[in-house]
Amino acid sequence: MSINPQNLRYTKEHEWLSAPEAEGVTVGITSHAADALGDVVFVQLPAVGDAVTAGETCGELESTKSVSDLYSPVTGEVTEINQDVVDDPALINSSPFADGWLFKVREPRATDELLSAAEYDAFIAG
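Per the numbering used here, the sequence shown starts with residue 277, numbered consecutively.
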């Protein structure tokens with residue numbers, strides 16, 4: 277059984293995004309990515325108003341093990357960042373699909389590269 281929520285879409289770079297809502301989509305990293313990173317200690321997110329492009333870097337996550345680029349799964353404008361994660365990066369490890377979300381994008385344009393939960397499970401299984 278998948279630990280990845282069925283209602284989300286995933287990338288091969290281990291980001292997730294919510295189904296489109298009135299205010300756009302929410303973006304985060306998967307529990308698989310959070311586990312691989314180890315304890316996240318610093319987060320650099322795009323700023324509100326920034327344009328992000330699907331498949332391109334838009335920030336960084338620093339852990340006790342390494343620094344990892346953050347990729348945007350969609351193209352659009354950042355409308356909100358999760359200040360709680362900036363203030364307490366450990367939220368990414370403890371709650372990657374809820375409290376540990378990273379940013380929101382208005383009027384997102386996605387690529388065909390997005391995976392369902394089952395496809396993502398198969399991808400990370402190798």
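Just so it is clear, CB atoms sit at the ideal spot from N, CA and C, and this is done for glycine as well.
Looking at the DSSP output, Q320 bridges to E336.
If you draw a straight line from the Cα of Y396 to the Cα of L346, it comes to about 17 Å.
Between V350 and P384 the beta-carbon gap is near 4 Å, inside 8 Å, which marks them as a contact.
Rounded to whole angstroms, the gap between the alpha carbons of E353 and E299 is 11 Å. The beta carbon of P296 sits closer than 8 Å to the beta carbons of P384 from its chain, once the five residues preceding and following it are set aside; these are given in chain order.
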